[in-house]
Structure formats: structure tokens, C-alpha cells
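Only one structure is covered here, and it is reproduced in the block below.
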Amino acid sequence: MSETRLTPNLDLDGITPDEAFAVLGNEIRLDIIRVLWQANAVRRFDEVSDIAATLSFSDLRHRVEIDDNGRFNYHLSQLTPHFVRHTDDGYRLSGAGKQIARTVIAVSDTDDFDFSADLEQRCPLCDAPMTASYEDQWLRVRCTECDGQFGDETPHGSVFLSNYPAAAIAERTADEALTVGFYRCMLDNAYFMHGICRECAGSISASVSVCSAHQPQTENPCPECGTHSQVWATQRCETCGFAKRLPVEVFTMGLTPVIGFLDEHGIDVLAPSLEEIVNLLQHRIETAISKDPFRVTVAIEGESGTMGVSLDEELNVTSLDRPRPN
Ligand SMILES: [Zn+2]
Ligand SMILES: [Zn+2]
Ligand SMILES: [Zn+2]
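Numbering (our numbering), first residue to last: 3 to 328.
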């Protein structure tokens, strides 16, 4: 059988996470991945197109600067076929090898990088100035005056908080970083609500927690749970552990019918402004709980009526009421 893209003539035994960590836990092997990446010895595209470049064994060994042929061959063999592919033309990174290289690039940044800055846009909750900071690969936008959006679930004053890859933040202003961070979060919600992990394509498991004595107040968080939202949901990838915890209303915005409904009202929920979403949460969304069976119903008010989404304790949609067109 000839080797094609979809039927590679490879003995691809599985590799467990422990084995993968062990294989990659070596400087020479990571150097091989770095050299292949920098030499563009990869499949050039991630979809459809099959254009690939390679490096020969001797060229690769020379660039990694290992003189001992046997030693170099041993380390290279540990990486094939899972991270490095050996073809008739030479060596290149596999899809997994490319992903390792991309992850290293995404989390790298310059040594003396400081992102602290004031935003041009003002707090959608109280109209005070907001500041952005970047620590430990997290982008945090904080209001300088009010308590922020999430109560006790996040550091005081947080209006937006999200993991953000270091390599891409340096080139952006604070306002741009917030826009991009928000965009990524809303797309994450769409992935989660479809039960798929954005990071690894694994399956998602979800659960909800309800404040049983919730006392909604306009300004301050509920004294019982310390937040503004009665129902919080946790979504977690069963394969890689990628997880988010957010008010349930925010997750429902990742459902296709809700995306469509809000689009009809001039809100692109996959690329919204912070102000649009905060206004929506504060003034146009009501959440109700019912028991036996447990349901959380999120009602979103629109011009032509109210859309209602009911979810069970694992965030499956159990019913959907769309407003009838006028
Ligand atoms: Zn504020
Ligand atoms: Zn509460
Ligand atoms: Zn995952």
C-alpha cells in the first residue's frame, strides 16, 4: 500500500501522557524539535494541503550540534514517529511535534515585559477608569473604583480575567488585548456548549452550583455566595483538564440559537464589547431555578419577545423557547 496522508505507513502505537512527558523531558530532544521548527521542516499547513519540507539526518545532527552519531540517533529515535516523522526525503515534525513547538512559542515572552496600562474604555459597571495587568499568563482588567463583575470568585475589582498567551500580548494595547481576550472567551463558550475542548478536542463534563439563599442586590454581591450570579457552572475537559467556571448565563451565550437571537438584536456575541455583555447580563437576562427535575432557565429579553433556555445539572439543553416573529 502506498503511503498517503490518510493512510500513513506507520506503526503508530499510542503514547500515554507519562510517556510523552518522559520522551520530551530531555534537552537534546527539545532541541531537535526547535531546529526542525526553525528550519520549517513541517507540513506547511494544518488543513488539506500536503506541502511538506524536511531536513536530512546529517543536516539535522549538524544543526543540533551533536557530534556523536549514535547518541544523536538514539535521541532522534525516541521522538519518532510520534513527534518527528522520518520520510524518504528526511525528517520533519509531526502534527504533535508542531503543536509542542507552537505551545512553546505561544507561552514565551521577553524577559523584562511589563504590560500594566490604563484602558481607554471605562468600567461598564460604574464608568470609572479601568487598568489592565498581565501576570502569570493571565490578563486581568480591573476597575479602579467598583468591586467588579464577579464578586468573591475573582480578585477584587476584576471586570475581565482570562488566560492569555504571552507571545501575542506584547504587540497589543490594553484595549486591544481586552477585545482579543473577550473574543477567545466567547469562542471557548461555544466550544464548551458543544461539549468539545478547544485545547485538545476531548469531551467536556459540566456541573452547576446554586446559591440556595441568593439575595440579588443591584450594587453589592449576594452576602451568601459573595457573587452576583445565583448559578455558576464548571466545564472541564475529561482528557486534558482545560476548564472554566463562569456564571451560567455567560455559558448560554455559546449556544447557536442564542448567538442567532442576539445577532438579530445587533450583538455579535462571538465578538462583543464588554459593555454589551455587561448590559445584557444586568438588564436583559433573568435566571430561574426549578427542582424535580432540576432545571436552570435563562430568559433573554429581546424586542420581539423573550428567548428561554432551560438546562439540566450537566448543562444539557432541555428546552428552548424562541419568541415568535411579529
Ligand atoms: Zn467599576
Ligand atoms: Zn448568592
Ligand atoms: Zn482538552
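Heads up, the beta-carbon is just placed ideally off N, CA and C, and yes, glycines get one too.
Computed from a predicted structure; not experimentally measured.
- Not one heavy atom of ligand 2 lies closer than 6 Å to the C-beta of glutamate 221.
- The beta-carbon distance between glutamine 151 and valine 109, rounded to whole angstroms, is 26 Å. This is too long to meet the 8 Å contact definition.
- Cβ contact annotation for glutamate 277 (same chain, cutoff 7 Å, sequence separation greater than five): Pro126, in chain order.
- Listed by position along the chain, the residues with Cβ atoms less than 5 Å from a non-hydrogen atom of ligand 2 are Cys213, His216, Cys224, Glu226, Cys227.
- In the three-state reduction of the DSSP assignment, glycine 159 falls in the coil class, being assigned neither a helical nor a strand state.
- For glycine 72, the enclosing alpha helix (DSSP H) covers residues 71–81.
- Taken in chain order, the complete beta strand (DSSP E) segments of 3 or more residues contained in the region 95–146 are 119–124, 131–137, 140–145.
- By the CB criterion at 7 Å, arginine 297 and serine 312 fall inside the cutoff.
- A direct Cα-to-Cα measurement between tyrosine 136 and arginine 247 gives close to 20 Å.
- DSSP places alanine 41 in the coil class of the three-state scheme, outside both helix and strand.
- Within the DSSP secondary-structure output, threonine 289 pairs in a beta bridge with Val300.
- C-alpha of threonine 146 to C-alpha of leucine 272: approximately 27 Å in a straight line.
- Valine 86 places its beta carbon less than 7 Å from that of glycine 99.
- Arginine 186 sits in a helix when the DSSP states are folded into three classes.
- The C-alpha of phenylalanine 244 is placed about 7 Å away from the C-alpha of cysteine 199.
- Ligand 3 has a heavy atom closer than 6 Å to the beta-carbon of phenylalanine 244.
- Counting along the chain, no beta strand (DSSP E) covers serine 58, and no H or E run does either.
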